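Shown next, in structure tokens, is the structure this report addresses.
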Amino acid sequence: MTETGFFSAGDLRDLACRVLMAHDTSAENAASVAAALVAAEIDGQRGHGLSRLAAYSAQAASGKVQGHAVPLAEPAGTAAIRIDAKAGFAFPAMDLAIEKLAGMAPECGIAMAGVFHSHHFGQAGYHAERLARRGLIGLILGNSPKAIAPWGGRDGVFGTNPIAFAAPRRAAEPLLIDLSLSKVARGKVMVAAKNGTSIPEGWALDKDGQSTTDAKAALAGTMIPIGDAKGAALVLMVEVLAAAVTGANFGFEASSFFAADGPPPGVGQSLIAIEPNRLSGGAFAERLEVLLNAIVAQPGTRLPGMRRLSMREKARKEGIAVDHGFIEELEQLARK
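So the sequence shown is numbered by numbering that gives the first Met the number 0: it starts at 0 and just counts up by one.
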């Protein structure tokens, strides 16, 4: 059995950078990707964490992802901007979008960025939270390669299409809501398939449309949307906002985030930033606390996203738990 070690965030970011740079990725892009992957690892979202490095590095090496791409921002209106990720990693494009929105939203009240020619963008909440830390409400929507069938259908058309929302608070960490529109993030199924473990009933269907607990069969089939038919409608909504609005590929047009061959996925992300005091007359912070206090006043309740805070505190005190065998795999990739 592989032993677990405890590593600092800095050491893991350095390792991730070395892996990516060994596979034709610029230092700047590697740093952006590494920061996001290690943040996901800390938050317990390992399906969006270091487990992605093998696929990322293989795609950068093959040219499916342009590791040296520099995203390009073009105005699309007074409070709108288009960002071409240039078939590179999504994270540098998301970084650019957040910087642009942080300047536009306070002036305009609301601003939107559309990212296209993009790739997997990790935890949606990672990006929304950074907007909240700038004093803005952040809403993030993204599409991904096909994984969910239309309700009543059997073949994948949409991705798992995550949504994240974050709002600044007066004297507390931002309120953060981050969810995939499948019953569980597909990255968790990927981790189970890699580890040879089963998945719970109700997460996914096999290629014949039958419920399965076999992670590999689930990857060959489709994910079940949250809320069944209503969830499938939400998935469609995100597909429109993240892909049709940005001019990106739809899920059924996008290539895999994991395979090294084929064309770039070319998916899209939409980021909306709202300055929360304009419409509230400056009362937003106070009104938000009234609502949140009404929630937590009831026994047995908690606010969404609170688990991440305890995970971060644990990582700060103890380090980040990672199997030594996996670290050695990454070291081998870094030496390639």
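A virtual CB, placed ideally from N, CA and C, is assigned to each residue, including glycine.
A quick note: this is a predicted structure, and the numbers were derived from the prediction, not measured.
G124 and I139 have their C-alpha atoms spaced approximately 8 Å apart.
If you draw a 10 Å sphere on the C-beta of E73, you find fewer than 16 other C-beta atoms in it, and that means exposed.
By the Cβ rule, the segment 177 to 197 does not count as touching the segment 261 to 268, because fewer than three pairs are nearer than 8 Å. Assignment of V156 by DSSP, reduced to helix, strand and coil, places it in the coil class. Within the same chain, and ignoring the five residues on either side of G304 in sequence, the residues whose Cβ sits closer than 6 Å to its Cβ are L175. With a cut-off of 8 Å on Cβ pairs, the segment 43 to 62 is in contact with the segment 252 to 259, counting three or more such pairs. By the neighbour-count criterion, in which a residue is buried when 16 or more other Cβ atoms sit within 10 angstroms of its Cβ, N194 is exposed. Between P173 and A131, the CB-CB gap stays under 8 Å. When DSSP states are grouped into helix, strand and coil, S197 belongs to the coil group. Shown here for D322: same chain residues with a beta carbon closer than 8 Å to its own, the five before and five after excluded, namely T1, E2, T3 and G4 in chain order.
DSSP, reduced to helix, strand and coil, places H323 within a helical segment of the structure shown. When beta bridges are read from the DSSP output, Q268 appears opposite V114 and G141. The secondary-structure analysis by DSSP pairs E312 with nothing; it has no beta-bridge partner.
In the displayed model, G230 falls within a helix according to three-state DSSP.
When secondary structure is reduced to three states using DSSP, I223 falls in the coil class, being assigned neither helix nor strand. Under the 8 Å Cβ criterion, the segment 223 to 232 does not count as touching the segment 63 to 81, having fewer than three qualifying pairs. Taking the Cα positions, P144 is about 16 Å away from Q122. As DSSP reads the structure, L240 sits in no beta bridge. Nearest neighbour of K99 by Cα position, chosen from R81, R169, G280 and L332, turns out to be R81.
Contact between A89 and H119 holds: their C-beta atoms lie close to 6 Å from each other, under 8 Å. Scanning its chain for C-beta atoms nearer than 6 Å, with the 5 sequence neighbours on each side dropped, one finds around W202 the residues K182 and V183, in chain order.
The residue among H22, S210, E274 and F249 with its C-alpha nearest the C-alpha of R334 is H22.
Per DSSP, the beta bridge partners of I80 are P74 and A112. With contacts defined as CB atoms closer than 8 Å, V32 and L14 fail to qualify as a contacting pair.
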